[in-house]
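Novice: The sequence shown: position 99 = 80 (the numbering used here), numbered continuously. We treat Cβ as the ideally placed atom computed from N, Cα and C, and that holds for glycine. No experiment lies behind these values; they were computed from the predicted model shown.
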Amino acid sequence: MSTVTRALTSEFLGTFTLVFVGAGSVVTDNASGGQLGLAGVALAHGIALAVMVTAVMRISGAHFNPAVTLAIWLSRRISAPNAALYVATQLAAAVAAALLVKALFPAGAGMATAYGVPRVDGAVSFAQAILIEALLTFLLVSAVFGTAISPEAPAVGGFGIGLVLVFATLVGGPLTGAALNPARAFGPAVAANDWYAQLAYWAGPLLGGAVASLVWTRILLPAEDR
-18 MSTVTRALTS EFLGTFTLVF VGAGSVVTDN ASGGQLGLAG VALAHGIALA
32 VMVTAVMRIS GAHFNPAVTL AIWLSRRISA PNAALYVATQ LAAAVAAALL
82 VKALFPAGAG MATAYGVPRV DGAVSFAQAI LIEALLTFLL VSAVFGTAIS
132 PEAPAVGGFG IGLVLVFATL VGGPLTGAAL NPARAFGPAV AANDWYAQLA
182 YWAGPLLGGA VASLVWTRIL LPAEDR
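(1) Starting from the C-beta of V49, find all residues in its chain whose C-beta is less than 7 Å away, skip the five residues before and the five after it, and write them out in chain order.
(2) With a 10 Å radius around its C-beta and 16 neighbouring C-beta atoms as the bar for buried, classify L30 as buried or exposed.
(3) Terminal residues of the continuous alpha helix (DSSP H) containing W183?
(4) Which whole-angstrom value is the C-beta distance of S(-9) and S41, which I expect to be below 8 Å?
(5) If you drop the 5 nearest sequence neighbours on each side, which residues of the same chain put their C-beta closer than 6 Å to that of G154?
(6) Throw me the rounded Cβ distance for the Q179 and A166 pair, which I believe falls under 8 Å.
(7) Between the Cα of F86 and the Cα atoms of G103, W54, A172, N46, which residue gives the shortest distance?
(8) Hey, out of A43, G97, V192, A193, whose CA is closest to G5's CA?
(9) Which runs of the alpha helix (DSSP H), 4 residues or longer, sit entirely within the stretch 53 to 130?
(10) Could you please give the first and the last residue of the uninterrupted alpha helix (DSSP H) stretch that includes P132?
(11) To which residues of the same chain is A95 closer than 7 Å at the C-beta, ignoring the five residues directly before and after it?
(12) Under the assumption that V82 contacts F(-7) (Cβ atoms under 8 Å), give the Cβ distance between them as a whole number of angstroms.
(13) Compare the Cα-Cα distances from I53 to each of E205, P203, A204, L187 and report the closest residue.
(14) Tell whether a beta-carbon distance below 7 Å holds between T157 and I130.
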């Protein structure tokens, strides 16, 4: 099997797992009357990401996120055609995962949560939502560069990246839903036909990913690896 096919299959599997577990945890929390809570939802997202990054990091780089793919492309570690294929695969996987959540989980809880569509709190402005998503995604992508790309990275697999998603969800979940990933917002939006604040979940993460890429490639990575 070709290298590209293996990479795209890995991206599909990883993104599917992240969205299915992440969106599914939101629906389950509603169906159970809040038994999971914010901490449970945060752990579901973070553990799913950590495990899948560790599983396929050496096959595809384990992006699972258009913001990560943009950052890697800006650092010249993936070609534009392959980056486009990665993003298309991530979005397809996110839609498939959200549709499966819609098919399998309790209908009432699914509709009440729009199958895991992230929400901006009423006290948070649209501009604030973009900046919150950008800042938290900056931290997530920094973890990718620091633990998966830098030659100085510690041998922690994907668990450093997953832990960032846990604390980002704890901090940002009540404010914006802490998507940090256009695919995570896009899949449930398609399943629910609910496009609430979708622009914020694209603009914020892509901005944060781009800034993180610039900081790491211009400053933090060793000169020979920039």
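Specialist: Straight from the coordinates:
(1) The residue given as residue 49 occupies position 68 in the sequence shown. Closer than 7 Å at the Cβ level, and outside the excluded window around V49, lie V122, V125, G190.
(2) Within the sequence shown, numbered from 1, the residue matching residue 30 stands at position 49. Per the 10 Å Cβ criterion, buried.
(3) Taking the sequence shown and counting its residues from 1, one reaches residue 183 at position 202. Counting along the chain, the alpha helix (DSSP H) containing W183 begins and ends at 179 to 196.
(4) Translated into the one-based positions of the sequence shown, residue -9 becomes position 10. Translated into the one-based positions of the sequence shown, residue 41 becomes position 60. The pair is a contact, with the Cβ atoms about 4 Å apart (cut-off 8 Å).
(5) Position 173 of the sequence shown, counted from the first residue, corresponds to residue 154. Same-chain partners within the cutoff: L19.
(6) The residue labelled residue 179 in the question sits at position 198 within the sequence shown. The residue labelled residue 166 in the question sits at position 185 within the sequence shown. That pair is a contact at about 6 Å.
(7) Mapped onto the sequence shown, residue 86 falls at position 105. The option with the nearest alpha carbon to F86 is A172.
(8) The sequence position of residue 5 within the sequence shown is 24, counting from 1. When each option's Cα is compared against that of G5, the closest is G97.
(9) 61 to 85, 88 to 93, 107 to 125
(10) For the purposes of this step, residue 132 is taken as residue 151 along the sequence shown, with counting starting at 1. Neither: P132 is in no alpha helix (DSSP H) and is coded neither H nor E.
(11) Taking the sequence shown and counting its residues from 1, one reaches residue 95 at position 114. The answer, listed in chain order, is P169, A173, D175.
(12) As a position in the sequence shown, residue 82 is number 101, starting the count at 1. As a position in the sequence shown, residue -7 is number 12, starting the count at 1. Actually they do not touch by this definition, with Cβ atoms about 16 Å apart.
(13) Counting from one through the sequence shown, the residue named residue 53 turns up at place 72. Of E205, P203, A204, L187, the residue nearest in Cα terms is L187.
(14) Here residue 157 is taken as the residue at index 176 of the sequence shown, counted from 1. Here residue 130 is taken as the residue at index 149 of the sequence shown, counted from 1. Against a cut-off of 7 Å, the Cβ pair of I130 and T157 comes out as no contact.
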